[in-house]
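Only one structure is covered here, and it is reproduced in the block below.
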Amino acid sequence: MSYILSIDQGTTSSRAIVFDSSGRACGQAQKEFRQHFPHDGWVEHDAMEIWNDTLALCQQALRNARVEARQLAAIGITNQRETTVLWDRRTGDPLAKAIVWQDRRTASACQSLRDAGHEDMVRNKTGLLLDPYFSATKLAWLLDNVPGARPRAESGELAFGTIDCWLLWQLTRGKVHATDATNASRTLLFNIHEQVWDTALLELFDIPAAVLPEVRDSAGEFGSTCPELLGAAVPVAGIAGDQQAALVGQACFQPGMVKSTYGTGCFMVMNTGEAVESHNRLLTTVGYRLNGKTTYALEGSIFVAGAAIQWLRDGLNLIRDASETEALARRAGSAGGVYLVPAFTGLGAPWWDPHARGALLGLTRDTGIAEVVTAGLEAVCYQSRDLLDAMAADCGTRPTTLRVDGGMVVNNWLSQTLADVLGVCVDRPMVTETTALGAAYLAGLGVGLYDSLDAVAEQWRCEREFTPLLEEGERQRRYQGWREAVARVCQSPAGE
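By the UniProt record's numbering, the letter at position 485 of the sequence shown is numbered 485, and the numbering carries on one by one without gaps.
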């Protein structure tokens, strides 16, 4: 039996899962890590904490699976995207805390670039918008605000990477400084059509090329781990950003297939095959790159999904555990006209308003904990409707099925409400942690454990299908209430 170790490094926790070749999880380990909020709108992580946790979790997952490193065919890495790390090539030490994708500190820099008329050029080359969500302005901020960083970067002493790149560097003890095309496509520095770091973009953001990693396919040889880390040298053979990994894990290999992942944020991705320009403020991105061929996707990003439930738990102390939300929502039935707009760090697609802030609207004397918690769950569904409507407008056809995954969709009430709000069938797979599974599949493809995407697709199984039950008029009435709530907090209407 061949095994694959999947590293799934997320925004609030890191995990490692050992899969067998049939896609069955044999053992895993997971740990939450600290979030740092030094200023309003700033979010940081300790990159060394992430690495140390990841290594310990890999070791623990192997023990839990009763698998030795020498039995591993490969390692796959999937990661929170856009989060930016800058480190010393000689020591391997970060120069500062990593700036997380949620961080909004560079909003004014992005606005200045938009005001100067650069957004069309950036969008045409990268498929992205000028937003602090992406890596380029974060990296520029580090170079300009960490003492001595810029001259050291220009002289080649420093390395930049997203979390996948950082973990690969550590796993290979600094022998490999590389990323894959999906993660590169989220930096604002990578030309997704030519598949190269773009000279004009580097000049625009004032980024020295010397800090950049090599960009490789999503499946293939990335180097091997140092034997002392896990007990054997294991090839790292697959890397993809978390949402692209989930696209692979959900076997969305045909144009028009859509998956949506519900974790800290919510990310809906449609396989488009060729690059499709969005006219509804979605992102054109790399879905995966295999054997030098790029498959493109449309993506809509919601910054706060599960993080809203985390806030209800930790910030307001309304619940003790996320698992309580389903029973509360069933008791309430609906939020009763209460809307939670979780714009804690601004709004993502299709609004792209970094200045919006959260609001709880429609409160009455009858509103209680159950209604507020239900509003938090419904907000995830309404935001998903925003994204699906935008995708339908861009592609000229509305998908009839949505494949869902992530920790939130084990909640049956949420999955059914998604179907009701979207008006499409929602399919939940047997394996809901498809982000980690996708990384495993890519690693398996990279070492020949799977001979094609068709072989991967044959393993996908639906655990439950949720069909819409809500009457159309009621569906539209509730969604219109959501749009009105968003208008109360959003300073930049979608499309402007």
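Cβ coordinates follow ideal geometry from the N, Cα and C atoms, glycine included.
- Query: Under three-state DSSP, which class holds G273?
  - Reply: strand
- Task: Alpha carbon to alpha carbon, how far is V431 from C26? Give it in angstroms, no decimals.
- Result: 12 Å
- Message: Less than 6 Å between C-beta atoms, sequence neighbours within five positions excluded: which residues of the same chain meet that for D8?
- Response: R15, T78, T435, A436
- Item | For G333 and A136, the rounded distance between their alpha carbons | 44 Å
- Please name the residue or residues paired with C58 in a DSSP beta bridge. Looking at the DSSP assignment, C58 forms no beta bridge with any residue, so it has no partner.
- Item | Element boundaries [beta strand (DSSP E), containing N79] | 72-79
- Ordered along the chain, which non-local residues of its own chain (more than five positions away) have a Cβ less than 8 Å from that of R385? V421, L422, Y479, W482
- Tell me which same chain residues have a C-beta within less than 8 Å of the C-beta of L328, skipping the five on either side of it? I319, I369, A370, V373, T374
- Message: On the criterion of 16 or more Cβ atoms from any shown chain inside 10 Å, does M1 qualify as buried, or is it exposed?
- Response: exposed
- Query: Where does G348 land, buried or exposed, given buried means 16+ other C-beta within 10 angstroms?
  - Reply: buried
- Task: Going by CA-CA distance only, name the one from L72, D115, E474, D405 that's closest to F267.
- Result: D405
- Query: Which residue from P350, G156, V341, R365 puts its Cα closest to that of R357?
  - Reply: V341
- Close Cβ partners of A69 (< 6 Å) along its chain, the five nearest in sequence each way excluded: L230, G231, A232, V234
- Query: Residue ranges of each alpha helix (DSSP H) run of no fewer than 4 residues wholly in the segment 285-329, ordered along the chain?
  - Reply: 306-314
- Query: Using the C-alpha atoms, what's the distance from R34 back to N52?
  - Reply: 13 Å
- Item | Local conformation of S112 per DSSP, three classes | helix
- Can you tell me the Cα-Cα spacing of R150 and K31, whole angstroms? 34 Å
- Message: My assumption, with CB atoms under 8 Å, is that L316 sits in contact with G300. Please give the rounded CB distance.
- Response: With a Cβ gap of about 27 Å, L316 and G300 do not count as contacting.
- In the structure shown, what three-state DSSP assignment does G473 receive? helix
- L168 lies in the alpha helix (DSSP H); which residues open and close that run? 163-171
- Query: Can you give the Cα-Cα distance for I50 and S13, rounded to whole angstroms?
  - Reply: 9 Å
- Message: On a Cα-Cα basis, can you pick out the residue from T187, A200, R216 that is closest to T179?
- Response: R216
- Message: Residues in the same chain with beta-carbon distance under 8 Å from residue 570, minus the five sequence neighbours each way, listed in chain order, please.
- Response: Since the displayed the chain opens at 1 and closes at 496, residue 570 lies outside it and no answer follows.
- May I have a chain-ordered list of the beta strand (DSSP E) segments no shorter than 3 residues that lie completely inside the segment 76-158? 85-88
- Query: In its own chain, which residues sit with a C-beta less than 6 Å from the C-beta of L130, not counting the 5 before and 5 after it?
  - Reply: C110, L113, R114, E119, V122
- Task: Just tell me which of M257, V269, C226 has its CA closest to the CA of G241.
- Result: V269
- Would a C-beta distance cut-off of 9 Å place L377 and T295 closer than the cut-off? no
- Just list the beta strand (DSSP E) runs in the segment 387-451, keeping only unbroken ones of 3 residues or longer that don't cross its boundaries, in chain order. 401-405, 425-429
- Message: Can you tell me whether A47 is helix, strand or coil according to DSSP?
- Response: helix
- Query: Mind checking T272: buried by the 16 CB within 10 Å criterion, or exposed?
  - Reply: buried
- Query: When we look at the beta-carbon of A487 and count the other beta-carbons within 10 Å, is it buried (16 or more) or exposed?
  - Reply: exposed
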